[in-house]
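Going by the numbering used here, the sequence shown opens with residue 1, and the numbers climb by one from there.
Don't be surprised by glycine CBs; every beta carbon is placed ideally from N, CA and C.
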Amino acid sequence: MALHLYNTLTRAVQTFTPLDPAGRAVGMYCCGPTVYDYAHIGNWRTFVFADLVRRTLEFSGYQVRHVMNITDVEDKIIKRVREQNTTLRDFTGRYETAFLADLQSLGCRPPHLTPRATEHIPEILDLIQKLTDRGLAYRAPDGSVYFSIEKYRGCGCRYGQLLNLNFDELRPGQRVASDEYEKESLADFALWKARVPDDGAVFWPGPFGEGRPGWHIECSAMSLKALGQTFDLHLGGEDLKFPHHEDEIAQSEGATGQPFVKYWLHGAHLLVEGKKMSKSLGNFFTLRDLTAKGFTGREIRCLLLTAHYRETFNFTLDGLAGARTALARIDECTAKLRDLAAGAAANPAAAAEAPLVAAFRSALHDDLNISAAWATVFDWVRDTNKRIASAQLNPTEAAAALAAWEQVDSVLGIGQKAEADVPPEIAALAEERTAAKKARDFKRADALRDELKAQGWVIEDTPKGIKIKKL
Ligand SMILES: [Zn+2]
């Protein structure tokens, strides 16, 4: 069975066919973090979902180019920069580094490209210029440049592709400068926001006067640059459907005259302990809050991967304990297989045809039916344990079983239990240092190395990654 995915654009499950005539290359854009705070577990559900999509595509033989932007200039960021009396780069750099470290703790494959909005101001201005030239954008009395929904619709384009908007009930013609707005008040949205005193030092010169970009135009500019006028997949949380994604479509199609994205995929919300997450209810968790409670990124990933991406998921601490037990069962089984295999070689081509892999693949190809995929894994664990107990597996068969498991794990991404007994807070610091190095923030990387040393741990950089050792 070919890969099938639910496309928000067509409101149907469709066979996935990439735009590449050779049927191999796939361009995928996922809206990245707004780096104004640590990402919470609801955000992480979206990023683990994006990782599942990417890994499933790679498992299915596609060559994916995965782009995830960093929103490093936006209303909330500017507010905090002002409140904390710091600079934009110092403020956002801290949360960007933490985000990339957390992404790694959760076993997500790093995107191929993580463009920052502030490094794409010329592309953003170009796009606004195109929209202005086409008569789809205008400068308002407040000096800001807005996208005109009326003009866009007037030229035969459709606003409201991802959700049905009833234009008779909406009040058109209003304008919003804010990056977020309600769908009841359909409004022209800001592409370029004229500089105001509250922006402090956060502004750029441009043909429309000093100012800064709106949030929506940032994603259009970065995705078009990285993946071209039309690309295969655009992902995000369902809360981004409107206005953010609808506005991305309008700006991109308005500027290029070409269809923007072929498949739109949206991940559902998450509840925590049965309730909407909120700081006042005490059920608001960042990844760091959970690792401080002793859970690992691997356990959190495993739990986030249990529910179908289009269903609301109830995240609980009991669920995390359940994920720990489930992982222990898998670890025990694969450890026994490794002992039995004792280094015997397996045929990778045969592994791809193993019943476990075939069943797992058909579950995932059915719009990422992850519950069915896990069921095939646990059936296999039970069956393998029985065969081990009754001494039915020789080393070659054990190696073949392990090779099949590795194919499945290339999607689940849970790997093996970490061997060194490194406390989660030390592992988090080490990962933060790796991310800082990757972001060329060597000052921060060195500071983190010193901090680890002060706590009695040393990091060794090896060709296979980092090793953490007790001093
Ligand atoms: Zn976006």
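| query | So what's A12 in DSSP terms, helix, strand or just coil? | reply | DSSP places A12 in the strand class (E or B) of the three-state scheme.
| message | Can you check which of these residues, A190, A349 and G211, is closest to L131 by C-alpha distance? | response | Minimum Cα distance to L131 is reached at A190.
| query | Quick one: is T325 near chain D, going by C-beta distance under 9 Å? | reply | Although the question refers to chain D, the structure presented lacks it and comprises just one protein chain.
| query | Quick one: is Q392 buried, meaning 16 or more other Cβ sit within 10 Å of its Cβ, or exposed? | reply | Exposed: under 16 other Cβ atoms inside 10 Å.
| query | Taking the continuous beta strand (DSSP E) assigned at Q63, which residues delimit it? | reply | From DSSP, the beta strand (DSSP E) with Q63 extends over Q63 to M68.
| What residue ranges within the region 152-235 form continuous beta strand (DSSP E) runs of no fewer than 3 residues, ordered along the chain? | With a minimum length of 3 residues, the continuous beta strand (DSSP E) runs that stay inside the region 152-235 are 174-176, 187-194 and 211-213.
| Does the distance from the C-beta atom of Y146 to that of R175 stay below 9 Å? | Taking 9 Å as the Cβ cut-off, Y146 and R175 qualify as a contacting pair.
| Opening and closing residue of the beta strand (DSSP E) in which L271 lies | From DSSP, the beta strand (DSSP E) with L271 extends over L270 to V272.
| field | Segment contact flag, the region 371-391 with the region 425-439, C-beta cutoff 8 Å, min 3 pairs | value | By the criterion of at least three beta-carbon pairs nearer than 8 Å, the region 371-391 is not in contact with the region 425-439.
| According to DSSP, which residues form a beta bridge with W457? | Bridge partners of W457: K470.
| query | Is the beta carbon of V53 sitting closer than 9 Å to the one on L233? | reply | In this structure, L233 lies closer than 9 Å to V53 by Cβ.
| field | heavy atom of ligand 1 below 8 Å from E218 C-beta | value | Yes, the Cβ of E218 comes within 8 Å of a heavy atom of ligand 1.
| message | Quick check on K76: does DSSP put it in helix, strand or coil? | response | Of the three classes helix, strand and coil, the one that applies to K76 here is helix, per DSSP.
| query | If you draw a straight line from the alpha carbon of V272 to that of R55, how long is it in whole angstroms? | reply | Near 26 Å, if we compare the C-alpha coordinates of R55 and V272.
| query | Short check: CB of L304 to CB of F59, under 9 Å? | reply | Taking 9 Å as the Cβ cut-off, L304 and F59 do not qualify as a contacting pair.
| said: Taking only three categories from DSSP, how would you classify Y95? | reply: The answer is helix: DSSP assigns Y95 an H, G or I state.
| request: Taking only heavy atoms of ligand 1 into account, decide whether any of them is closer than 8 Å to the Cβ of L240. | output: Yes.
| message | Measuring only the C-alpha atoms, how far is N314 from T15? | response | For N314 and T15, the distance between alpha carbons rounds to 29 Å.
| query | So T306 and W374 are in contact, right, with Cβ under 8 Å, and what is the actual spacing, rounded? | reply | Confirmed, about 7 Å.
| Residues of its chain near L320, where Cβ-Cβ distance is below 8 Å and the 5 sequence neighbours each way are ignored | Result list for L320: L290, F295, E299, I300 and L303, in chain order.
| query | If you run the structure through DSSP and keep just helix, strand and coil, what is D409? | reply | Helix, per DSSP.
| So the alpha helix (DSSP H) A480 belongs to, where does it begin and stop? | With the chain covering only 1 through 471, there is no way to say anything about residue 480.
| beta-carbon E353 near ligand 1 non-hydrogen atom, thresh 8 Å | No, ligand 1 has no heavy atom inside 8 Å of this Cβ.
| Buried versus exposed call for R529 [16 or more other C-beta atoms within 10 Å across all chains shown] | Nothing about residue 529 can be reported from this structure: the residues present for the chain run from 1 to 471 only.
| request: Report buried or exposed for P207, applying the criterion of at least 16 other Cβ atoms within 10 angstroms of its Cβ. | output: P207 comes out exposed.
| said: Among D75, V35 and G23, whose alpha-carbon lies nearest the alpha-carbon of F203? | reply: Considering only alpha carbons, the answer is D75.
| said: Among the candidates H112, L88, K193 and R116, whose CA atom is the shortest distance from the CA of A140? | reply: Selected option, being the one with the closest Cα: K193.
| Residue range of the alpha helix (DSSP H) that A385 falls in? | Correcting the residue type first, residue 385 is Asn in the shown sequence and not Ala. Under the DSSP assignment, N385 falls in the alpha helix (DSSP H) whose first and last residues are I370 to A389.
| By Cβ distance, which residues of its chain are closer than 7 Å to R116, with the 5 residues on each side in sequence left out? | So the qualifying residues of the chain are I70 and D72.
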